[in-house]
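One structure is given below, encoded as structure tokens.
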Amino acid sequence: MSEPSTDNQARVSLVMDGDLALVTLAGTWRVTESRPTWGSVVHGHEPRRVRLDVSKLEKWDSSLLLFLFDVQQWCRVVGAYCDLSQLPEKVREMLGQLSRSHETSVPFDRSENFFVTVGHATLDAFHKGREISSFVGECAISLVNLIKRPKKFRWGDCLEQMQQCGAMALPIVSLISVLVGLTLAYTGALILRQYGGDIYVADLVGITMVREMGALMTAIVLAGRTGAAFAAHLGNMKANEEIDALTTLGISPVDFLVMPRLVALFLMMPLLALYANCLGIIGGMIIALGILDIPPAAYWVEMLTIVDMSDVMSGLIKAATFGVIVGVAGCLRGLQAERSAMGVGLAATSAVVTAILFIIVADATYAVLFDILGI
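Rendered as structure tokens:
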């Protein structure tokens, strides 16, 4: 390449010889300067062969390669032959690298029939179920070790987690519980007052909060608050290779990280549910007093005639189960998280969805079981 004057612009000439297009490139080709486009050059012509001549080029950079690449791609689309034999060897090598990097893989044919789709979904569900079963088994083994050697358990971490998922969750649990009690009482009052059964609002709120809504709403709140926090924390530790370090040191991540969280939730969920029951009943009492003119004493006496200890215990059993579900879902998704910021976020989202799903399933199962047992 010779050194031309700086005002020598890029030029392209096309001469047709039958079905052969002789394309001559000349001048200086720079990305900082304007250049002709192949579309404007070939417009109005339909060559079956294209021969490129760059002997008159002066200075050039990647701008020339982009133009040659456009010519090559156009020939490939229209089925024309592109003759690169007169190009310098280095230009052909760089153009070949550019072409290879631009090549895309053959699109995957996703047109599957119904049975293939069902088969893939079944295998995927089987693999996910196996992962959950394996993790639950590891937690069961860790629980046995805790019972055998309680002194080796990390009680300090457990107390810290109890504070985080218990005491720190009181404000949001209080707000949700009072609002649920208010809503139940107000909705029931609109119907019961038409039949003169105002006093039965206490029964409606009491039995609903104690058996269902107290434990269920608390579990959903903790699934979004604590379950996501567990998943994000463990996912971040995995991204930083802290969990790998524990494994290298011979320390089980389940014993060291998971069990303190599970025990904390197992112990705190019944207490939070009991607290939610009381506030929900108080919220119903506010509506009973303000709208139905039912005195607080009459409200409590009527409620205690329908709510007994079996109702309270059924709600607490549900709450303990829901706590374990939230802990297992959060820790499992955290340990399964990918080693990236996006992976941590997806793990937190998946933990919440998984926890709420299994909470609803467990609640329905308990409803059927308690009905069979007559509780």
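Residues 17 to 391 (our numbering) make up the sequence shown, in order.
We treat Cβ as the ideally placed atom computed from N, Cα and C, and that holds for glycine.
Since this is a predicted model, take the numbers as computed values, not measurements.
Could you please give the first and the last residue of the uninterrupted alpha helix (DSSP H) stretch that includes residue i?
{"i": "Val274", "result": "Premise fails: Val274 is in no alpha helix (DSSP H) and is neither H nor E."}
{"i": "Asp99", "result": "Run containing Asp99: none in the alpha helix (DSSP H); it sits in the beta strand (DSSP E), 97-99."}
{"i": "Pro187", "result": "186-208"}
{"i": "Ile236", "result": "230-238"}
{"i": "Asn252", "result": "244-255"}
Output yes or no for whether 8 Å exceeds the beta carbon distance between residue i and residue j.
{"i": "Asn174", "j": "Val340", "result": "Looking at the sequence itself, residue 174 is Cys, so the reference to Asn does not match. No, these two residues do not count as a Cβ contact at 8 Å."}
{"i": "Ser115", "j": "Phe85", "result": "yes"}
{"i": "Met225", "j": "Ile297", "result": "yes"}
{"i": "His61", "j": "Leu41", "result": "no"}
{"i": "Gly331", "j": "Ala201", "result": "no"}
{"i": "Leu5", "j": "Trp45", "result": "Outside the modelled stretch of the chain, which goes from 17 to 391, sits residue 5, for which no answer is possible."}
{"i": "Arg227", "j": "Asp327", "result": "yes"}
{"i": "Leu288", "j": "Gly182", "result": "yes"}
{"i": "Val47", "j": "Ser71", "result": "no"}
{"i": "Arg349", "j": "Ala235", "result": "no"}
{"i": "Pro63", "j": "Ala96", "result": "yes"}
Once DSSP output is grouped into helix, strand and coil, what is the label at residue i?
{"i": "Asp35", "result": "coil"}
{"i": "Arg170", "result": "coil"}
{"i": "Leu162", "result": "helix"}
{"i": "Arg455", "result": "Here the chain has residues from 17 to 391 only, and residue 455 is not among them."}
{"i": "Glu354", "result": "coil"}
{"i": "Gly43", "result": "strand"}
{"i": "Val2", "result": "Only positions 17 to 391 of the chain appear in the structure, and residue 2 is not among them; the question remains open."}
{"i": "Ser50", "result": "coil"}
{"i": "Leu74", "result": "The sequence given here has Glu at residue 74, not Leu. Reduced to three states, the DSSP call for Glu74 is strand."}
{"i": "Ser268", "result": "coil"}
{"i": "Leu30", "result": "strand"}
{"i": "Val226", "result": "helix"}
{"i": "His59", "result": "coil"}
{"i": "Asn129", "result": "coil"}
{"i": "Gln180", "result": "helix"}
Should residue i be labelled buried (16 or more other beta-carbon atoms within 10 Å of its own) or exposed?
{"i": "Gln352", "result": "buried"}
{"i": "Ala363", "result": "buried"}
{"i": "Pro286", "result": "buried"}
{"i": "Lys167", "result": "exposed"}
{"i": "Ile157", "result": "exposed"}
{"i": "Pro311", "result": "exposed"}
Is there contact between the stretch 215-226 and the stretch 309-318, where contact requires at least three CB pairs shorter than 8 Å?
The count of Cβ pairs closer than 8 Å, one atom from the stretch 215-226 and one from the stretch 309-318, reaches three, so the stretches are in contact.
Give a yes or no on contact between the stretch 366-375 and the stretch 264-282, applying the rule of three or more CB pairs nearer than 8 Å.
The stretch 366-375 is not in contact with the stretch 264-282.
Using 8 Å as the threshold, is the stretch 234-241 in touch with the stretch 185-205, meaning 3 or more CB pairs across them?
Two segments are said to touch when three or more pairs of C-beta atoms, one from each, lie closer than 8 Å; by this definition the stretch 234-241 touches the stretch 185-205.
Counting beta carbon pairs with one atom in the stretch 201-216 and one in the stretch 244-263, are three or more of them shorter than 8 Å?
By the Cβ criterion, the stretch 244-263 is not in contact with the stretch 201-216, since fewer than three pairs of Cβ atoms, one from each stretch, lie closer than 8 Å.
Are the stretch 130-141 and the stretch 93-110 touching by the rule of at least three beta carbon pairs closer than 8 Å?
The stretch 130-141 makes no contact with the stretch 93-110: fewer than 3 CB pairs, one atom from each, lie closer than 8 Å.
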